[in-house]
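Chemist: Got a structure here, written out as structure tokens. Questions coming.
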Amino acid sequence: QVQVVESGGGLVQPGGSLRLSCVASGRTFSTLNINWFRQVPGKERELVAISSSFGGTHYSDPVKGRFTVSRDNAKSTVQMQMNSLKPEDTAVYYCAAINRENGHEYWGQGTQVTVSS
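Residue 314 in our numbering sits at position 11 of the sequence shown, with consecutive numbering throughout.
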């Protein structure tokens, strides 16, 4: 089993920044792909960014150039730095840890990000 906990959400003004953290414990962290998703009520969950267990990263077009993920295997943590936030970034952000060996997914409870003046 893997336990996933997100933190760092909150209220920020447009143009501001937030840093989200995802801690995944219970398994060798280096074997986990960590994906960030977001969801707005009434809409489908949207993939935002990927931190691959092999060290690569990927970003969706809406956040490319504004969001950056960083990984610390020693601390079992992936952080997502979100800059130049826009009102359309408002959503609940979820972290998913995916076992690269068997595809099992483990989800956190989500953290609310609200971008508003």
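Glycine included, each C-beta is placed from N, C-alpha and C at the ideal position.
1. Measuring straight from C-alpha to C-alpha, what distance separates F340 and I401?
2. What's the gap between the Cα of L323 and the Cα of V418?
3. Measuring CA to CA, which of L321, E404, Q306 is closest to M383?
4. I'd like to check one pair, E349 with S333: are the Cβ atoms closer than 8 Å?
5. Would you kindly check if the distance between the Cβ of P390 and the Cβ of P344 is under 8 Å?
6. In this structure, what does DSSP give as the bridge partners for H361?
7. For T417, which of helix, strand or coil comes out of DSSP?
8. Around the C-beta of E309, are 16 or more other C-beta atoms found within 10 angstroms, so that it is buried, or is it exposed?
9. Check each candidate in Y409, E408, G313, R374 and name the one with the smallest Cα separation from S356.
10. Let me know if T331 comes out buried or exposed under the rule of 16 or more other beta-carbons within 10 Å of its beta-carbon.
Modeler: In this structure, then:
1. Here residue 340 corresponds to residue number 37 of the sequence shown, with the count starting at 1. Here residue 401 corresponds to residue number 98 of the sequence shown, with the count starting at 1. Computed Cα separation, rounded: 13 Å.
2. Here the question's residue 323 lines up with position 20 in the sequence shown. Here the question's residue 418 lines up with position 115 in the sequence shown. L323 and V418 have their alpha carbons spaced roughly 14 Å apart.
3. Translated into positions along the sequence shown, residue 383 becomes position 80. It is L321 whose Cα lies nearest to the Cα of M383.
4. Position 30 of the sequence shown, counting from 1, holds the residue named residue 333. Position 46 of the sequence shown, counting from 1, holds the residue named residue 349. Their beta carbons are not under 8 Å apart, which means S333 does not touch E349 by this criterion.
5. Numbered from its first residue, the sequence shown carries residue 344 at position 41. Numbered from its first residue, the sequence shown carries residue 390 at position 87. Between P344 and P390, the C-beta spacing is not below 8 Å.
6. The residue given as residue 361 occupies position 58 in the sequence shown. According to DSSP, which records beta bridges pairwise, H361 is partnered with I353.
7. As a first step, residue 417 is located in the sequence shown; it is residue number 114 there, counting from the start. It is a strand residue.
8. In the sequence shown, residue 309 corresponds to position 6, counting from 1. The residue is buried, with at least 16 neighbouring Cβ atoms inside 10 Å.
9. For the purposes of this step, residue 356 is taken as the residue at position 53 of the sequence shown. Among Y409, E408, G313, R374, the Cα nearest to that of S356 belongs to R374.
10. Here residue 331 is taken as the residue at index 28 of the sequence shown, counted from 1. Exposed.
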